[in-house]
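Chemist: For reference, the structure I am asking about is given below.
Numbering (our numbering), first residue to last: -11 to 362.
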């Protein structure tokens, strides 16, 4: 209700005592590119240059100014009472951000290595510094990407917002906007989840969300899902693909963005065509059928070559089919998924610009023209 309102904070100049910062040059992180490029769907630009969202069941506003990342944390509601303004606990809050943005991974050196191996990457990446892979909560990442099937970023964002409002705990209310935590596994595993999600417009995805939540509760559990961070990529991918409605594309997204598998390269139709057209990789099949994705994702020899970081050049016609993931691992090395995230972001932005030139209203809303999945 009205009593629970809190005011959004735009930046440190308004309430300096409620903000802290850590050093973060723009070539290490560009908030505007990383938070709006289809990795996460829970951040919004609350004012120009300020990004507000939920991380670790707390609500944050982030802003970059002069090689520093500024952050403020909003207090949680207590039994319906208004949230109090709280000073962020410096050490703990900074560690949460460092972990989420994986700031211990030096990005400029990786960009240089990828650019040296790949002239196309060097050319494209000049305009897109600071694109890094987030380290997300596995439950949130998995259920978010189940919602991406045949979907646009703007629509996915709206669906996940409805999911959180319906099943997640309310954390606070900012400028009359209620902000909810991502739902727990048990909340999503309820007997009526599928029906409620269908009523919220989830369509066929409702069954997958409900079924996957139940399967994890009865099997791995949230802890088991987190433990996949410490098993090999192929094993984590296999475990995820055993869940209802989780295909190889979603599994690779979760492996890369939540399970520490930097070598995972999510491949959709679009990425596959990039590999064929721009790199001349000869890949079996003409469309991305499940069989084609298997060709694209699982050549064991190529996987060994990629993880070892040894080069693999484009294939000639008639050569043994190399998977797209393996091709990129051979080209970019053990953090191939990170390099692909840069090209994905660049391609997404170009798509948004093209769409904007055709339709200014859509550009103002920040919509994208490209589907995340085939």
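Backbone N, C-alpha and C define an ideal beta-carbon position, used for all residues, glycine too.
(1) Indicate whether the contact test is met: 3 or more Cβ pairs, each with one atom in the stretch 96 to 104 and one in the stretch 156 to 174, closer than 8 Å.
(2) Report the option in 179, 192, 211, 220 whose CA atom is closest to the CA atom of residue 202.
(3) So if DSSP puts residue 41 in a beta bridge, which residue, or which two residues, is it bridged to?
(4) Look at the alpha carbon of residue 6 and the alpha carbon of residue 257, and state the distance between them as a whole number of angstroms.
(5) Candidates 128, 114, 107, -6: which alpha carbon is nearest residue 27's?
(6) Straight-line CA distance for residue 50 to residue 41?
(7) For residue 289, which residues in the same chain have their Cβ closer than 7 Å to its Cβ, ignoring the five residues on either side in sequence?
(8) Does the pairing of the stretch 116 to 135 with the stretch 315 to 331 give three or more beta-carbon distances under 8 Å?
(9) Considering only residues of the same chain and omitting the five flanking positions on each side of residue 112, which have a CB-CB separation below 8 Å?
(10) Once DSSP output is grouped into helix, strand and coil, what is the label at residue 208?
(11) Buried or exposed, going by whether 16 or more other CB atoms sit within 10 Å of the CB of residue 4?
(12) Starting from residue 428 and walking both ways along the beta strand (DSSP E), at which residues does that stretch end?
(13) How many Å lie between residue 230 and residue 98 at the Cα?
(14) Could you check if residue 254 is buried or exposed, using at least 16 other CB atoms within 10 Å of its CB as the buried criterion?
(15) Who are the near neighbours of residue 2 in its chain, counting only those whose CB is closer than 7 Å to its CB and skipping five residues on each side?
(16) So, are the CB atoms of residue 322 and residue 247 less than 8 Å apart?
(17) Residues in the same chain with beta-carbon distance under 8 Å from residue 16, minus the five sequence neighbours each way, listed in chain order, please.
(18) Between residue 160 and residue 47, how many whole angstroms is the CB-CB distance? I'm expecting something under 8 Å.
(19) For the beta strand (DSSP E) holding residue 10, just list the boundary residues, first then last.
(20) What does the alpha-carbon distance come out to for the pair residue 188 and residue 314?
(21) Taking the beta carbon of residue 280 as the centre, do at least 16 other beta carbons fall within 10 Å, making it buried, or is it exposed?
(22) So who's on the other strand from residue -7, going by DSSP bridges?
(23) Less than 7 Å between C-beta atoms, sequence neighbours within five positions excluded: which residues of the same chain meet that for residue 221?
(24) Which of the three DSSP states, helix, strand or coil, is assigned to residue 53?
(25) From this set, 156, 162, 166, 163, which residue's C-alpha is nearest residue 177's C-alpha?
Modeler: Judging by the given coordinates:
(1) no
(2) 179
(3) 31, 48
(4) 45 Å
(5) 128
(6) 9 Å
(7) Bear in mind that a pLDDT of 32 at residue 289, under 50, signals an unreliable position, so the model cannot answer this.
(8) These segments touch.
(9) 330, 331, 334
(10) Here residue 208 sits in coil by DSSP.
(11) exposed
(12) Any answer about residue 428 is impossible in this case: the structure gives the chain only from -11 up to 362.
(13) 33 Å
(14) Under the 10 Å beta carbon count, residue 254 is surrounded by 16 or more other beta carbons and is classified as buried.
(15) Result list for residue 2: empty, nothing under 7 Å.
(16) no
(17) Taken in chain order, the residues that qualify are 91, 94, 95, 96, 118, 120.
(18) Yes, they are in contact, since the Cβ atoms of residue 160 and residue 47 sit about 6 Å apart, within 8 Å.
(19) 8 to 11
(20) 39 Å
(21) The pLDDT assigned to residue 280 is 49, lower than 50, so where the model puts this residue is not dependable, and the model offers no usable value.
(22) 161
(23) If we look at residue 221 and ignore the five residues flanking it on each side, its Cβ neighbours are 243, 249, 251, 252.
(24) strand
(25) 156
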